[in-house]
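A.B. asks:
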Amino acid sequence: MGRAKNKLIEEQERGWSSVGDKYVCAECFEDEAIRRFIREHAMKRRCTYCGRVNRGKPIAAHMEEVMQLIADGIFSEWEDAMNSLGWDSSEGGWQGEVVDTWELLEYTGLIIHEDSLREDILNALGMDTEWCRKDPCGETEDEGLYFDVFL
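Counting along the sequence shown from 1, when you hit position 130 you're at 130 in the UniProt record's numbering, and nothing is skipped either side.
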């Protein structure tokens with residue numbers, strides 16, 4: 001197989017598309033876990049997204065690694081609606097609650113300070129993807145904890 005086909009297969013298996021050879025600094029995110037990950041994996045002195053530069057130590061991690069962290073978090077609770085929900089056009093479409101990729105980032109609380117970074121993340125996850133919670137008919141962790149009060 002050719003390199004392009006192998007890359008396509010890899011992207012399909014992991015569930016998100018490559019963002020290319022870019023580097024992101026911790027200042028581009030609000031989430032402390034992502035910021036810590038970036039600081040621990042920093043390898044470049046310049047951020048591709050905000051342009052921040054540090055002449056001393058590296059401040060930016062490879063975006064592919066950061067994207068994997070973000071995807072792992074999202075995929076732990078969300079999935080493509082095609083994998084879980086039924087579709088009935090006579091009933092208005094998906095038979096459950098779905099969100100688009102933009103809304104998904106809002107639901108997950110992922111605050112991103114740079115527009116170009118947000119665009120790369122949206123494109124990597126798939127702008128046309130409609131998402132639903134994993135096991136949409138089951139209870140969420142919050143609901144499970146809520147009902148523990150009654151036991």
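For glycine and all other residues, C-beta sits at the position ideal for the given N, C-alpha and C. Being a predicted model, the structure only gives us computed values, none of them experimental.
At 4 residues or longer, and completely inside the stretch 44 to 81: list those alpha helix (DSSP H) runs for me, N to C.
C.D. replies: Whole alpha helix (DSSP H) segments, 4+ residues: 63 to 75.
A.B. asks: Among the candidates F29, R36, R133, whose CA atom is the shortest distance from the CA of Y49?
C.D. replies: As a first step, residue 49 must be located in the sequence shown, where it is residue number 49. Ranking F29, R36, R133 by Cα distance to Y49 puts F29 first.
A.B. asks: Give the range of the beta strand (DSSP E) segment to which E130 is assigned.
C.D. replies: Here the question's residue 130 lines up with position 130 in the sequence shown. Per DSSP, E130 belongs to the beta strand (DSSP E) from 130 to 133.
A.B. asks: Could you tell me if S76 is buried or exposed, where buried requires 16 or more neighbouring beta carbons within 10 angstroms of its beta carbon?
C.D. replies: In the sequence shown, the residue the question calls residue 76 occupies position 76. Classification for S76: exposed.
A.B. asks: Please classify V19: is it buried, with 16 or more other beta-carbons within 10 angstroms of its beta-carbon, or exposed?
C.D. replies: Here the question's residue 19 lines up with position 19 in the sequence shown. Buried is the call here.
A.B. asks: Please classify R133 as buried or exposed, where buried requires at least 16 other C-beta atoms within 10 Å of its C-beta.
C.D. replies: On the sequence shown, position 133 is the one that residue 133 refers to. Buried: at least 16 other Cβ atoms inside 10 Å.
A.B. asks: What distance in whole Å lies between the Cβ atoms of L125 and W16, which are believed to be in contact at a cut-off of 8 angstroms?
C.D. replies: Taking the sequence shown and counting its residues from 1, one reaches residue 16 at position 16. Taking the sequence shown and counting its residues from 1, one reaches residue 125 at position 125. With a Cβ gap of about 6 angstroms, W16 and L125 count as contacting.
A.B. asks: Hey, could you find the ends of the alpha helix (DSSP H) S116 is sitting in?
C.D. replies: Residue numbering aside, residue 116 sits at position 116 when the sequence shown is read from its first letter. Looking at the DSSP string, the run of the alpha helix (DSSP H) that includes S116 is 115 to 125.
A.B. asks: For the beta strand (DSSP E) that contains C25, what are its first and last residues?
C.D. replies: Mapped onto the sequence shown, residue 25 falls at position 25. C25 -> beta strand (DSSP E) spans 23 to 25.
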